[in-house]
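Everything below concerns the one structure shown next.
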Amino acid sequence: MKPRIDTIAAYIKSQIINKVKPPPFFAISCDEFTNIVNCACVYVRYVSKDQIEEKILYLQSLTAGTKSDDVFDSINYLDWNKLIELCKEGARSGLTQKLRKNNPMPVNTDSVIHRQALASKHLLQNLRQTLDSAINVVNSRLFILLCEDLDFDHIVLLFHTEVRWLSEGNMLARFHELKDEVIRFLELKGKNDVLKMFSNEQFR
1 MKPRIDTIAA YIKSQIINKV KPPPFFAISC DEFTNIVNCA CVYVRYVSKD
51 QIEEKILYLQ SLTAGTKSDD VFDSINYLDW NKLIELCKEG ARSGLTQKLR
101 KNNPMPVNTD SVIHRQALAS KHLLQNLRQT LDSAINVVNS RLFILLCEDL
151 DFDHIVLLFH TEVRWLSEGN MLARFHELKD EVIRFLELKG KNDVLKMFSN
201 EQFR
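With UniProt numbering, the residue at position 198 of the sequence shown is 198, and numbering never jumps.
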């Protein structure tokens, strides 16, 4: 199975290379997820047939032996003179420094996601307490059975964490998808104090 996967990956990579090389310009976006997935990802954006396309150039788990040189070498088949924009997540990165060394002229931008992370790093205390209380109430076997009976994709809520913006987004997205079921469950459990907050239109 692994040889087949490697063959498919090599083919996809060759297709991307063939698409990236002809256009006169391209942009690069670098991100390092330091939460549970702990991986590095490099995206490339270019124009193909009058359409802007975005593809993954590099996606690899980060280990103790992984260096920025390894990541850079894996994408060093590109013509860096065509690089017009370099988007980064905001943290220092050896990879972005190497890219600037090969072409110091591209526009440098910080990811909007990173800015959102800085702005939303800390939830309002009363909002966080309400969310945590609801999740503690809802994450029970009864709620799981309710979601299973209704054939929902998710059966539990995710706890809020400040590890990274991604986990926070997952938690809020999951809660939004299940908000009606959460309210129904709180009504069944008689949790009127939490239900009062959740029924507020401004909160929802």
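For each residue, glycine too, the CB sits at the ideal point set by N, CA and C.
Counted within 10 angstroms of its Cβ, other Cβ atoms place residue i as buried (16 or more) or exposed
i           : result
residue 57  : buried
residue 24  : exposed
residue 106 : buried
residue 88  : buried
residue 8   : exposed
residue 6   : exposed
residue 31  : buried
residue 99  : buried
residue 178 : buried
residue 195 : buried
residue 86  : buried
residue 59  : exposed
residue 188 : exposed
DSSP-derived helix/strand/coil call for residue i
i           : result
residue 75  : coil
residue 178 : coil
residue 185 : helix
residue 50  : coil
residue 81  : helix
residue 101 : helix
residue 55  : strand
residue 88  : strand
residue 196 : helix
residue 228 : Beyond the ends of the chain as shown, which are 1 and 204, falls residue 228; an answer cannot be given.
Given residue i as reference, the closest of the options once Cα atoms are compared
i          : options          : result
residue 95 : 4, 72, 103       : 72
residue 84 : 70, 68, 75, 103  : 103
residue 49 : 39, 74, 19, 75   : 19
residue 14 : 192, 108, 39, 78 : 78
residue 21 : 11, 45, 4        : 45
Short Cβ contact (9 angstroms threshold) for residue i with residue j
i          : j           : result
residue 42 : residue 28  : yes
residue 74 : residue 39  : no
residue 16 : residue 55  : yes
residue 26 : residue 101 : no
Neighbour flag for residue i against chain D, beta carbons, 9 angstroms
i          : result
residue 95 : Here chain D cannot be found, since the structure has a single protein chain.
Those residues which DSSP pairs with residue i across a bridge
i           : result
residue 6   : Partner(s): none; residue 6 has no beta bridge.
residue 60  : 40
residue 107 : 85
residue 28  : 44, 86
Cβ-heavy atom distance, residue i to the ligand SAH, below 8 angstroms
i         : result
residue 9 : Of ligands this structure carries none, so the ligand SAH is not represented either.
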